[in-house]
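>
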Amino acid sequence: MRVLVTGGAGYIGSHTVLQLLAAGHQAVIADDFSNAKPSVIDRLESLAGQSIPVYRVDLTDRAATTEMFAVERLDAVIHFAGFKAVGESVAKPLSYYQNNLDSTLSVLAAMDAHNVRTFVFSSSATVYGDNPVRERTEDMPTTATSPYGWTKVMSEQVLADLANADDRWRIAVLRYFNPVGAHPSGLIGEDPSGFPNNLMPFVAQVAVGRREKLSVFGDDYDTVDGTGVRDYIHVEDLAAGHIAALDRMRAVDDGWSAWNLGSGDGVSVLALVDSFARASAREIPYEIVPRRPGDAPAYWADASKANAELGWRTRKTLDEMCADSWRWQSQNPGGYPD
Ligand code: UD1
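Printed below as a string of structure tokens:
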């Protein structure tokens, strides 16, 4: 298949591009580079041993988006592009709704106009909101606790309505748990701009000496050691989930379907810190600070639907996630070159 990967220069998108190519598909990247450095493309091309078509495009620009479909003969789209910082979305709701919803609608309209109706959507476990049930299943009601989360819930709804209205659409909604890790080469990985919001990049920056210490947000939750528990998933396993979803859509017509992509295991903040300290052979200084407002105590995936229907499961351990994050961080202490 010739697959358009929106946000293909980003963290998860870039790893997925490599796996698409390795699986014999063709990949076309669309990215506005608002949160990615162009040098990632050189790394991708050298790892893949081929050149990759790249469109620098703002997907909320309908004319530019449609033009891409007129030029490229595409079979499917994997839609990663979007703003993704929870805290920033609370401060700038209009910007999040405008960017994330407009770009999704623009891509879908361009697809429809060009008879491309196979779509994989980057969703998130955030759509389960603050449900007290810790093991998340796809049939739980969706809701949100931030504008970012609402853009995922709303986009999922648009996609469900579309599949309902027109049975030519095949739509896979992939709900990611906490993606971490990096390509084993150490050449591509997560490169957050500014202050990292998420745990793993923060820990990695402490280990490499860019930050003094980690703040652990609360140690009085009802969990194994009192710290927050999440389901961390290696980005390589996550990327593989997208290839599995494309394979599924070629074989089976589910219309719209959602799959959790997680390991099924809950890992505490301190367990991750411990694993990272071993992987990096560095100490990770930390201090316990008050809980971060809005944080859930603990949740993880029930990944049995993806196991059964996509034939997919995670393969990489927490130690491998940390080892690969560390390799990326230590080889690229300042992230991608400008
Ligand atoms: C957040 C997002 C989620 C997104 C995910 C990406 C919500 C509300 N937030 O999830 O949408 O998909 O990132 O991975 O859904 N922690 C610390 N210190 C830090 C940073 C984090 O102790 O400096 C703790 C947190 O309290 C939490 C755990 O580490 O228990 C993971 O936090 P984080 O990496 O930010 O991810 P989430 O909040 O789970």
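Residue numbers (the numbering used here): 811 to 1148. In this text, a Cβ means the ideal position worked out from N, Cα and C, and glycines have one as well.
Measuring CB to CB, does aspartate 1084 end up less than 8 Å from glycine 991?
No, Cβ-Cβ distance for aspartate 1084 and glycine 991 is not below 8 Å.
> Please name the residue or residues paired with phenylalanine 929 in a DSSP beta bridge.
Bridge partners of phenylalanine 929: Val887 and Ile981.
> Can you give me the Cβ contacts of lysine 1115 inside the same chain, cut-off strictly under 7 Å, excluding the 5 residues immediately before and after it?
Answer for lysine 1115: Glu948, Trp1069 and Asn1070, listed in chain order.
> For a test of the three-state rule: what should DSSP assign to threonine 875, helix, strand or coil?
Helix at threonine 875.
> Beta carbon of aspartate 1032: closer than 7 Å to some heavy atom of the ligand UD1?
Flag unset: Cβ of aspartate 1032 not near the ligand UD1.
> Please name the residue or residues paired with isoleucine 998 in a DSSP beta bridge.
Per DSSP, none; premise fails for isoleucine 998.
> DSSP puts leucine 814 in a beta bridge; with which residues?
According to DSSP, leucine 814 bridges with Val838 and Val887.
> Could you tell me which residues DSSP puts in a beta bridge with isoleucine 1098?
Per DSSP, Val1026.
> Indicate, with yes or no, if the ligand UD1 has a heavy atom lying under 7 Å from the CB of serine 934.
Yes, the ligand UD1 has a heavy atom inside 7 Å of this Cβ.
> Which first and last residues belong to the beta strand (DSSP E) in which glutamate 1068 is found?
Before going on, a small fix: residue 1068 reads as alanine here, not glutamate. From DSSP, the beta strand (DSSP E) with alanine 1068 extends over 1066 to 1071.
> Would you mind working out which of Gly818, Pro1011, Leu969 and Ala973 sits nearest serine 1140, comparing C-alpha positions?
Cα-wise, what sits closest to serine 1140 is Pro1011.
> Measuring alpha carbon to alpha carbon, tell me which residue in Asn1142, Ser1078 and Leu969 is nearest serine 757.
Because the chain spans 811 through 1148 in this model, residue 757 falls outside it and cannot be assessed.
> Please tell me whether, using a cut-off of 7 Å, the distance from the CB of phenylalanine 1001 to the nearest non-hydrogen atom of the ligand UD1 is below it.
The amino acid occupying residue 1001 in the given sequence is aspartate; phenylalanine does not appear at that position. No, Cβ of aspartate 1001 sits at least 7 Å from all heavy atoms of the ligand UD1.
> Using only the alpha-carbon positions, how far apart do isoleucine 839 and threonine 816 sit?
Cα to Cα, isoleucine 839 sits roughly 6 Å from threonine 816.
> Rounded to the nearest angstrom, what separates valine 867 and tyrosine 821 at their Cα positions?
Near 18 Å, if we compare the C-alpha coordinates of tyrosine 821 and valine 867.
> Assign alanine 1049 to buried or exposed, taking buried as 16 or more other Cβ atoms, counted over all protein chains shown, within 10 Å of its Cβ.
Burial call: buried.
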